[in-house]
Structures are given as structure tokens and as C-alpha cells.
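Protein sequences appear in the order of chains A and B. Reading the first sequence from the start, the letters are residues 1 to 112 in the numbering used here. Reading the second sequence from the start, the letters are residues 1001 to 1115 in the numbering used here.
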Amino acid sequence: KQEVTQIPAALSVPEGENLVLNCSFTDSAIYNLQWFRQDPGKGLTSLLLIQSSQREQTSGRLNASLDKSSGRSTLYIAASQPGDSATYLCAVKALGYNKLIFGAGTRLAVHP
Amino acid sequence: GAVVSQHPSRVICKSGTSVKIECRSLDFQATTMFWYRQFPKQSLMLMATSNEGSKATYEQGVEKDKFLINHASLTLSTLTVTSAHPEDSSFYICSTSVGEAQPQHFGDGTRLSIL
Chain A
1 KQEVTQIPAA LSVPEGENLV LNCSFTDSAI YNLQWFRQDP GKGLTSLLLI
51 QSSQREQTSG RLNASLDKSS GRSTLYIAAS QPGDSATYLC AVKALGYNKL
101 IFGAGTRLAV HP
Chain B
1001 GAVVSQHPSR VICKSGTSVK IECRSLDFQA TTMFWYRQFP KQSLMLMATS
1051 NEGSKATYEQ GVEKDKFLIN HASLTLSTLT VTSAHPEDSS FYICSTSVGE
1101 AQPQHFGDGT RLSIL
């Protein structure tokens, strides 16, 4: 059974810091991995999607890497801003299953 | 712009009421939609997979008679919480994607509060 874990559960940093959020999964037989952002009381916004054959994806200040063999992904946020404050979720789509398995998320607070 | 439209965004109603939530894909056809439930400060839990033109597939532990799903067209799936009780109060979110290898896009969610 696929399980997804995110560390840390919460993070509070001053503005300007570079951050690394971690995601691990137990079964490496995945189709892809996706990082999302969720603001309080809102739905999810897709940030980055990494296919199983890819190593990383970048969008602006965000960079996500994938090491399928070790079951790990990291989301790197450069030069954090207060507007980055949100919960970040990673989710994997397992091979043969048309659904996402989510981690519990990392609650990020960036203070001025 | 938004890829998935979900409404209503908030429902407050009395115990015993049935509540319908709609999820629409915008500008594309969605043969499959997903319904999730999220409790405060917890992650999303998949409830069921909605399949256009056929029965929904429910996850273990989800009562299909309690949570009725209808996917009557390629752009609309509905979730009806029947005879809702306070323990059904939660945040319900739908999602879909353009294709299997494409990102999942989510609606803005529905906050359901049963008094």
C-alpha cells in the first residue's frame, strides 16, 4: 500500500530564506508526482508535476526534484516571501491506479 | 484561469437535509472526476472516483448510499450528501485532469456545515 510522508509538518521562517520541503513515498512504482499549494479554506493549486521518467521540474522560484528509486521528492523554494505562506502537499499517482495519494502536507509560514 | 468549477463554496444547513455539490470541468471533457474529503488540518482523503456514464467507484469505508455520485455528462459530476448529520461536516473537493499524464486540477472546495 502506497504511503506518502511529508517532513516537516510545519515550518516558520523569515522572509528571504531558501527552503526545502521533503516528500517520501513507500512504493517506487509511480506514474508521476505532483506538488500542490493550499491556502486556508481553499482548494488546491497545482505547482509542479514530475513524470516518473523526469528528475526535476522548475517554475519561477520553485524547483521540484524526484528520486524514484529512493522514494523521495523535494520542493525547493528560493527567496521565500510572505505570500508563499500556505500548506504544501505532495501527491503520487501509482502505476495502474487512476488516483492520487496525498501526504499530510507542510504548513509554511514566512514572516516579514 | 480556473480549470474546474465547484459550487456552492459554502453550505450551512440543518441535520437531515440532503446537500448537492456540483463539479464542472471548464473547456474540456472529463470522463473521470475525483471527490475528496478533508478534515481540519488533515490531508485529502479520496472518497470516490466518478466515471461518466457508469457507476462511481467508492473507496473502502465510504458509504455509497450516503454519498451519491452522478456523472451524467462529460463536464459535470455531482456529489449528494444524503440526510446529512453533523459528522458529515467537512471540506469537500473535486478534481479532474485533461489526461492521465496531465496535472490534476482541483475545484475551490465546498465547506459543509451541518447544524
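We put the beta carbon where it would ideally sit given N, CA and C, even for glycine. Nothing here was measured: the structure is a model prediction, and the numbers come from that model.
Asked, Found
"Give me whichever residues DSSP pairs with Asp-67/A in a beta bridge.", "Arg-72/A"
"Taking the alpha-carbon of Thr-1032/B as reference, which of Glu-1063/B, Leu-1044/B, Val-1098/B and Ile-1012/B has the nearest alpha-carbon?", "Val-1098/B"
"For my contact list, Arg-55/A and Leu-66/A are in at a C-beta cut-off of 8 angstroms; report their separation, rounded to the angstrom.", "6 angstroms"
"If we define contact as Cβ-Cβ less than 7 angstroms, is Ile-1093/B a contact residue for chain A?", "yes"
"Just reading off the beta strand (DSSP E) that Ala-78/A is part of, what are its end residues?", "Looking at the DSSP string, Ala-78/A is not in any beta strand (DSSP E), and its letter there is neither H nor E."
"Grouping DSSP H, G and I as helix and E and B as strand, with all else coil, what is Asp-1086/B?", "The displayed chain sequence assigns Pro, not Asp, to residue 1086/B. Correct three-state label for Pro-1086/B: helix."
"Note down, in chain order, each residue of its chain lying with its Cβ closer than 8 angstroms to the Cβ of Val-1062/B, except the 5 sequence neighbours on either side.", "Met-1047 and Ala-1048"
"Going along chain A in order, which residues have a C-beta closer than 9 angstroms to the C-beta of His-1085/B?", "Near His-1085/B there are no residues of chain A at all, since even the closest Cβ is about 22 angstroms away, more than 9 angstroms."
"Please work out which residues of its chain come closer than 8 angstroms, Cβ to Cβ, to Gln-1104/B, disregarding the five sequence neighbours upstream and downstream, and give them in chain order.", "Phe-1034, Ser-1095, Thr-1096 and Ser-1097"
"Name the DSSP beta bridge partners of Pro-14/A, please?", "His-111/A"
"Return yes when the Cβ of Leu-62/A is within less than 7 angstroms of the Cβ of Ile-77/A, no when it is not.", "yes"
"So Lys-42/A contacts chain B; which residues on that side make the cut at Cβ distance below 7 angstroms?", "Asp-1108 and Gly-1109"
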